[in-house]
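Novice: Chains A and B supply the protein sequences, listed in that same order. Take any residue in the first sequence, count from 1 to its spot, add 780: that is its number in my numbering. Take any residue in the second sequence, count from 1 to its spot, add 2: that is its number in my numbering. Beta carbons: idealized from backbone N, C-alpha and C, even for Gly.
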Amino acid sequence: NAGVTQTPKFRILKIGQSMTLQCTQDMNHNYMYWYRQDPGMGLKLIYYSVGAGITDKGEVPNGYNVSRSTTEDFPLRLELAAPSQTSVYFCASRNVDEQFFGPGTRLTVL
Amino acid sequence: AQSVTQLGSHVSVSEGALVLLRCNYSSSVPPYLFWYVQYPNQGLQLLLKYTSAATLVKGINGFEAEFKKSETSFHLTKPSAHMSDAAEYFCAVIYNQGGKLIFGQGTELSVKP
Chain A
781 NAGVTQTPKF RILKIGQSMT LQCTQDMNHN YMYWYRQDPG MGLKLIYYSV
831 GAGITDKGEV PNGYNVSRST TEDFPLRLEL AAPSQTSVYF CASRNVDEQF
881 FGPGTRLTVL
Chain B
3 AQSVTQLGSH VSVSEGALVL LRCNYSSSVP PYLFWYVQYP NQGLQLLLKY
53 TSAATLVKGI NGFEAEFKKS ETSFHLTKPS AHMSDAAEYF CAVIYNQGGK
103 LIFGQGTELS VKP
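(1) Since residue 79 of chain B and residue 22 of chain B should fall inside the 8 Å C-beta cutoff, what is the C-beta to C-beta distance between them, to a whole number of angstroms?
(2) Report the option in A/859, A/854, A/865 whose CA atom is closest to the CA atom of residue 831 of chain A.
(3) According to DSSP, residue 831 of chain A sits in a beta bridge with which residue or residues?
(4) Taking contact to mean at least 3 C-beta pairs separated by less than 8 Å, is the stretch 811-821 of chain A in contact with the stretch 85-94 of chain B?
(5) On the three-state DSSP scale, how would you describe residue 85 of chain B?
(6) Return the first residue and the last residue of the beta strand (DSSP E) that residue 807 of chain A is part of.
(7) Residues of the stretch 4-36 of chain B with a CB closer than 7 Å to any CB of chain A: list them in chain order, please.
(8) Where does the unbroken beta strand (DSSP E) through residue 880 of chain A begin, and where does it stop?
(9) From which residue to which residue does the beta strand (DSSP E) around residue 66 of chain B run?
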């Protein structure tokens, strides 16, 4: 099994551009999550989903959108990128009590 | 607000020395507790977890953690540090089944030869 995969690994955006971070899991988990990681701040939850068709906001959702049309995929959309969105983004999926993380996407907004 | 606190953003030990990374949670109801490790430029990997079974939990790579309800703590230890243990370590908590994972700020562990 591939587990949780994320693409791209790295991306540089200009202010105002938009992009979609892709996340796919092959473990048939219902719960999926998007986090951002900033130095010294731990991981902050952006959005999460408890199953296909259901999404909800986390701690820091402003500037982001998500969709969950299938169990496998949970893309994160950035509209009008801002320098404050420079971060490392992690996707995760969860079984009963354990989360599995993807390798991350390092995004820089200039 | 429910939270988790890691004492010390950076810990440095010598190779072969005891590793102690501290984690405290903020609830009178025992939560589910986790320690994750993150190696440079990688995602998070589960080291160990406490889910209301044995209070002393053994994980991968020789790490273990003890749940102490009276101290609301879940400190991570390893008797003898290896150079390969150098990484960032995150304590995380779920306060109720089905709840969201709350992360501490992380502790960067350095191991000196």
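Specialist: Concretely, from the data shown:
(1) Counted from its first residue, the second sequence places residue 79 of chain B at position 77. Counted from its first residue, the second sequence places residue 22 of chain B at position 20. The pair is a contact, with the Cβ atoms about 5 Å apart (cut-off 8 Å).
(2) Walking along the first sequence from the start, residue 831 of chain A turns up at place 51. Nearest of A/859, A/854, A/865 to residue 831 of chain A, Cα basis: A/854.
(3) On the first sequence, residue 831 of chain A is found 51 positions in, with the first residue counted as 1. Beta-bridge pairing links residue 831 of chain A to A/834.
(4) no
(5) On the second sequence, position 83 is the one that residue 85 of chain B refers to. Of the three classes helix, strand and coil, the one that applies to residue 85 of chain B here is helix, per DSSP.
(6) Numbered from 1 along the first sequence, position 27 holds the residue referred to as residue 807 of chain A. Counting along the chain, residue 807 of chain A falls outside any beta strand (DSSP E), and DSSP gives it neither H nor E.
(7) 11, 34
(8) The sequence position of residue 880 of chain A within the first sequence is 100, counting from 1. Start and end: 879-881.
(9) In the second sequence, residue 66 of chain B corresponds to position 64, counting from 1. Looking at the DSSP string, the run of the beta strand (DSSP E) that includes residue 66 of chain B is 66-70.
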